[in-house]
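Residue numbering for the sequence shown follows the numbering used here, beginning at -4 and increasing consecutively.
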Amino acid sequence: MPDALAITGLSKRFGGLQAIRDVSMTVAEGTVQAVIGPNGAGKTTLISLLSGRLGADKGEIRLFGTPVHALPQEARVRAGLARSFQITSVFNGMTVRDNLLVATQRALAPGFGLLRDRAEDQEFRDAAARVAERVGIARHLDATAAALPHALRRRLDVGLGIACRPRVLLMDEPLAGMGHEESEEMVELIRSLRSDTTVVLIEHDMEAVFALADRIAVLVQGEVIAAGTVAEIRVDQKVKEAYLGEEET
């Protein structure tokens, strides 16, 4: 079986800045692959390259063996590669239900009608309700997204990602801005996703990373300086010098 995600020689330059340099990694199906590194390391740029939000200068991205690096973002979503954002990407003026209806329509019937048509279709409504239940916001379906507390908005953003039925979900700092209890609950939610999707996770909360990740890649100045299991990364001297030591101090 091919890897869920295979990245080979991925590079991106912005003018004189080499943001990503020859990044290669593989992600096994059903695992959580974390990408860590100091601020400015290129982590969000990497996720944007994988999702298609940015185009790479060179390199290949394969989703279960199929090349997707030449596809636009929407086509990658249809192929099974979805993303949740560091800053929530919900529609603030819409209800939770309608946010999820937009996302489920994107997965079940691309190009289908206007929102009022989708809302009348029971298949979409049922799918939206299942996603809301999965991410723990079923009691808030009729609430406006803007009225949700921060932690619930983060859950809605995850819901928008999994509503697209991804085979691989890219998560950009899903714990950002959360308190300890909220972070623990989000960790449990992400852990539960492994039953039917592979996760690529960017996160600064190292406690969460060590609790969730099967493997970790460490990105510094656009390059992967180390990759391995949690135990291997914990004791890697290069990683301690470049990142973990910084976190401890």
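Note that CB positions come from ideal geometry on N, CA and C, so glycine has one too.
Quick caveat: nothing in here was measured; it's all calculated off a predicted structure.
Check, Outcome
"Let me confirm a value: HIS175 is counted as buried when at least 16 other C-beta atoms fall within 10 Å, else exposed. Which label applies?", "exposed"
"If you run the structure through DSSP and keep just helix, strand and coil, what is ARG229?", "helix"
"When the Cα of ARG125 is compared with those of ALA142, LEU0 and LEU95, which residue comes out closest?", "LEU95"
"Check whether chain C comes within 8 Å of ALA(-1), counting only Cβ atoms and requiring the distance to be less than that.", "Structure shown: chain C not included; a single protein chain is present."
"Does the beta-carbon distance from VAL225 to LEU184 come in below 8 Å?", "no"
"Are ASP17 and SER6 touching if we call contact CB-CB under 8 Å?", "yes"
"Look up VAL213 in the DSSP assignment and say whether it is helix, strand or coil.", "strand"
"Roughly how many whole angstroms lie between the Cα atoms of HIS199 and SER187?", "20 Å"
"Three-state secondary structure (DSSP) at THR40?", "helix"
"Flag this pair as yes or no: are the beta carbons of ILE15 and LEU58 separated by less than 8 Å?", "no"
"Just how far apart, CA to CA, sit ALA36 and ALA237?", "10 Å"
"Is SER178 near the ligand FAD, with its Cβ less than 7 Å from a heavy atom?", "Ligands in the displayed structure: none, and consequently the ligand FAD is not present."
"At the level of alpha carbons, what is the spacing between GLU218 and ALA138?", "43 Å"
"Is GLY154 helix, strand or coil by DSSP?", "helix"
"Within the continuous alpha helix (DSSP H) that includes ILE185, where are the two ends?", "175 to 188"
"When you compare only the Cα positions, how much space is there between GLU118 and VAL30?", "36 Å"
"I need the straight-line Cα distance from SER46 to ARG134, nearest angstrom please.", "30 Å"
"Output yes or no for whether 8 Å exceeds the beta carbon distance between THR193 and GLU24.", "yes"
"Any idea if ASP121 is buried or exposed, counting beta-carbon neighbours within 10 angstroms, 16 or more meaning buried?", "exposed"
"Taking the straight line between their C-alpha atoms, what separation do you get for GLN81 and ASP191?", "Below a pLDDT of 50, predicted positions are generally treated as unreliable, and GLN81, at 42, falls in that range; the measurement from the model is reported next regardless. Approximately 22 Å, taken between the alpha carbons."
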